[in-house]
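Take any residue in the sequence shown, count from 1 to its spot, add 82: that is its number in my numbering.
Where is the CB? At the ideal position from N, CA and C, for every residue including glycine.
Remarks on the structure that follows.
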Amino acid sequence: MSFNLFLISEFWHLDHCNSFMLASCRMECHERLKIVAQEGDIDMFYNLLAEDPYLLDHKDTTSFIHTPLHIAASHGKILFAMEMIILKPSYARKLNHHGLSPMHLAVLNRQTDMVREFLHYESDLVRVRGREGKTPLHFLAEKGHDHVHHQEKLCLLTEFLSACSLCIQDVTNRSETALHIAVKNQNFDAFDCLLQGLRRSFDNNDIRNVIELKDGEGNNVLHIATATNQYQVVKLLLKSKIIDVNAKNSKGLTALDISDPHNREVREFLLHGGALNAKSLPQVLKDDGDNLRSNISFKENVIIFVRRFKNNTSSNLSLILLAAILIAPAAVSPLGGVWQDNKKPLKYFVYHMANIITHYLMVLFICLLLPCLNMNSSFY
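The following block contains the structure:
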């Protein structure tokens with residue numbers, strides 16, 4: 083009995099050691115994979131894959147993990163990155179533990195050529211939402227740390243909008259578009275670039291819808307530009323005539339209300355564009371909800387009745403029978419009836435007029451039913 087227990091403990095110990103050695107080996111492979119990805123060594127990568135065929139599977143099944151593609155994108159190793167995408171296409175959209183995709187990291191690390199390769203591979207990668215709901219476009223709308231970086235971002239902005247114009251409609255968790263972020267970062271060049279991209283890709287109604295979007299604090303880009311005294315943005319918006327200068331924010335204030343009284347440039351642009359205070363705007367007496375709750379008129383009741391009747395009519399036969407029933411009294415009784423000596427003139431006149439009105443009402447009713455009859459008729 084004791085000998086059996088000894089054997090069991092030895093087997094358990096050997097199995098435990100084997101598992102530990104296997105885990106250590108895999109950990110070592112993963113560490114080596116990081117170095118290989120940083121250096122972009124494709125040959126060494128396949129050597130590692132030969133040692134552990136499941137090397138990439140663990141990272142593929144984990145929701146948030148720093149993959150070799152993230153590492154390659156951060157270091158600008160284009161060939162290695164493309165090799166990863168071919169083997170594991172899902173890596174291109176996977177977020178790491180910081181909530182960033184490979185495209186996000188390429189943008190943040192100024193790997194412009196890598197960004198273009200991602201864009202060429204799949205243009206929709208610019209719409210991948212990461213941390214705080216931001217897409218790579220949102221990061222580009224922020225101002226560069228230096229002049230060169232700033233110019234790089236402007237070039238990429240143009241390429242992003244050309245490859246995927248819909249990305250400008252994407253919002254963050256704070257309901258911010260790239261336009262909001264550009265204005266909040268006082269990045270006029272980026273804002274101008276985004277506005278030009280909008281004009282190239284959308285009609286005026288769609289442009290207005292994007293520009294007038296309100297962020298999480300209830301402000302559109304005009305409100306933000308006015309509050310921060312960005313006269314260039316205000317001038318550009320009013321010159322384009324595609325934004326409501328008197329739109330109210332969530333506090334019920336217009337751009338003129340929140341403008342700095344001491345900033346003459348901004349206020350002059352606003353006033354020249356027809357800006358008004360919220361108190362000066364026409365007051366709306368009733369909204370759509372009030373109209374829906376108002377009493378329905380007699381005319382509307384008649385129209386509703388006729389429409390419901392048409393919609394509920396199940397067959398052409400029922401229409402024909404109804405028309406026959408309605409028209410029969412008018413056919414049997416001539417218009418106005420027949421004069422009889424024992425009738426009084428006033429009673430006859432009343433009867434005569436009632437008969438005529440009834441007759442024409444029946445004809446009108448039948449005419450209203452004819453369109454429904456024509457649409458559904460299958461008789462020859």
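The Cβ atoms of residue 148 and residue 129 do not sit closer than 8 Å to each other. Remark: C-beta atoms of residue 170 and residue 206 do not approach each other more closely than 8 Å.
Its chain contains 209, 211, 217, 219, 220, 259 and 260 as the residues whose beta carbon lies nearer than 8 Å to that of residue 252, once the 5 sequence neighbours on both sides are disregarded; these appear in chain order. Residues of the same chain with a CB within less than 7 Å of the CB of residue 337, apart from the 5 flanking positions on each side, are 304, 305, 308, 327, 352 and 357 in chain order. In this structure residue 279 is buried. Its beta-carbon is surrounded by 16 or more other beta-carbon atoms within 10 angstroms. Per the coordinates, the alpha-carbon of residue 145 lies some 32 Å from the alpha-carbon of residue 240. Per DSSP, residue 156 is one residue of the alpha helix (DSSP H) stretching across 150-157. Taking 8 Å as the cut-off, the beta carbon of residue 324 is found closer than this to the beta carbon of residue 290.
Of 243, 119, 194 and 364, the smallest CA-CA separation from residue 167 is found for 119. Rounded to the nearest whole angstrom, the CA to CA distance from residue 292 to residue 286 is 10 Å. Rounded to whole angstroms, the separation of the alpha carbons of residue 224 and residue 263 is 6 Å. Spatial neighbours of residue 248 in its own chain (CB-CB distance under 8 Å, excluding positions within 5 residues in sequence) are listed in chain order as 209. Residue 301 sits away from residue 255, with the two beta carbons spaced by 8 Å or more. The three-state secondary structure of residue 215, taken from DSSP, is helix. Residue nearest to residue 233 within the set 151, 152, 161 and 192 is 192 (criterion: CA-CA distance). In this structure, residue 318 places its C-beta atom within 8 Å of the C-beta atom of residue 274.
Its chain contains 341 as the residues whose beta carbon lies nearer than 6 Å to that of residue 349, once the 5 sequence neighbours on both sides are disregarded; these appear in chain order. Residue 243 places its beta carbon 8 Å or farther from that of residue 235. For residue 184, same chain residues with a beta-carbon under 6 Å away, outside a window of 5 residues either side, are 151, 152 and 155 in chain order. Taking the Cα positions, residue 201 is about 25 Å away from residue 270. For the pair residue 361 and residue 322, the Cα-to-Cα distance works out to about 26 Å.
The C-beta distance from residue 126 to residue 163 rounds to 15 Å, too long to fall under 8 Å, and the pair is not in contact. Less than 8 Å divides the Cβ of residue 182 from the Cβ of residue 213.
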